[in-house]
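In our numbering, the protein residues as written are 15 to 356.
No residue lacks a Cβ here, since even glycine has one placed at the ideal position from N, Cα and C.
It should be emphasised that the depicted structure is a prediction, and the values quoted were computed from it without experimental measurement.
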């Protein structure tokens, strides 16, 4: 059982008692759940010891209820509603190895964006060689795209550079060709000046990685090097102070991980934003473990990853992933208006 609810008496007794309760699960991916009332009742000495233990324990942790101030940032995730906590725990159970991996990765962010991207890619590649992704891949064999149409268009509009994803028939799903074309387009803008707008053509901004291509890599180690050699996350970071991104429709996986680097994110009220990677036995691999905590905090990242269900634009704004929401008919004009202010 990857989800373990800890007895309040054990929590009050301190980390040694908690570790003893988890001993039967040693070496297994576990989500340990703590009740807020029990944590609030722990003495000062126990609270200090718990904080130290929570920073280094190799299990994912969730608090349920109103977080005590002393431990608000110590657990990986806090959920006020027990019903929501059960839903998120059920999401975690889909791929507990990946669920623990993303928690540990987000808990102690390494210094700087580039080291964070290297750590993320390393963990992602490890999971690509793991059993959870293998089980998903066995049911979803990789298929060639069979589509040679251009994926990206760069234009000058109203005094701004506009980079448009042009794979509308696939909701701008990110395949290797789109990745390479977008990387080349953004690389050519790094040494220029002026605002850059990124948006998507068709019904969605970007529905995430192209699932037909997932698994079509030579081996996890080679994929790690390729991912960093053509890192769209790094390009978005290089441009972030000049970057405005427009979200609409499906904005999943890379479709929110990359925009989270931008100076401003404008979403339409029909946008659906989510991180579904755990369903594939993976973690966010397009920079999301770096960009989303920087924008919205690690708890927002983990709630979205473990839950796996998309949220609407209004909830994404409450998380901090979206700066403003407009009707679909206003998106293009508003992107240019915001770009004028950068």
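- Going by beta carbons, residue 303 and residue 134 fall inside the 7 angstroms limit.
- According to the DSSP secondary-structure assignment, residue 340 is paired through a beta bridge with 282.
- One Cα belongs to residue 350, the other to residue 172, and the distance between them is close to 7 angstroms.
- Residue burial is scored here from C-beta neighbours: residue 264 has at least 16 other C-beta atoms within 10 angstroms and is therefore classed as buried.
- Residue pairing by DSSP places residue 171 opposite 174 in a beta bridge.
- The stretch 314 to 334 and the stretch 115 to 126 touch, with three or more beta-carbon pairs separated by less than 8 angstroms.
- Between residue 112 and residue 295, the C-beta gap is smaller than 7 angstroms, which places the two residues in contact.
- The continuous stretches of alpha helix (DSSP H) do not include residue 228, and DSSP gives it neither H nor E.
- Nearest Cα to residue 209 within the set 252, 241, 311: 252.
- Taking the Cα positions, residue 73 is about 43 angstroms away from residue 161.
- Ranked by Cα distance from residue 196, the first of 76, 272, 32, 98 is 272.
- Residue 19 and residue 36 have their C-alpha atoms some 10 angstroms from each other.
- By a beta-carbon distance limit of 8 angstroms, residue 234 does not contact residue 305. Their separation comes to about 23 angstroms.
- Note on residue 301: 16 or more other CB atoms within 10 angstroms of its CB, so buried under the neighbour-count rule.
- Residue range 58 to 70 is occupied by the alpha helix (DSSP H) that includes residue 66.
- Its chain contains 79, 80 as the residues whose beta carbon lies nearer than 7 angstroms to that of residue 94, once the 5 sequence neighbours on both sides are disregarded; these appear in chain order.
- Segment contact: the stretch 278 to 287 against the stretch 326 to 342, three or more CB-CB distances shorter than 8 angstroms; contact assigned.
- Counting the other Cβ atoms within 10 Å of the Cβ of residue 97 gives fewer than 16, which makes it exposed.
- Look at the beta carbons and you see the stretch 177 to 191 touching the stretch 212 to 231: at least three pairs across the two are nearer than 8 angstroms.
- By the Cβ-count criterion, residue 152 is exposed, with fewer than 16 other Cβ atoms from all chains shown falling within 10 Å of its own Cβ.
- When DSSP states are grouped into helix, strand and coil, residue 78 belongs to the strand group.
- Per the coordinates, the alpha-carbon of residue 343 lies some 18 angstroms from the alpha-carbon of residue 185.
- The three-state secondary structure of residue 311, taken from DSSP, is coil.
- Residue range 17 to 19 is occupied by the beta strand (DSSP E) that includes residue 19.
- Take residue 278, set aside five residues on each side of it, and the residues of its chain with a beta-carbon closer than 6 angstroms to its own are 258, 337, 352, in chain order.
- Only residues of its own chain outside the window of five on either side were considered, and among them 221, 224 have a CB closer than 6 angstroms to the CB of residue 187, listed in chain order.
- For residue 333, the enclosing alpha helix (DSSP H) begins and ends at 327 to 333.
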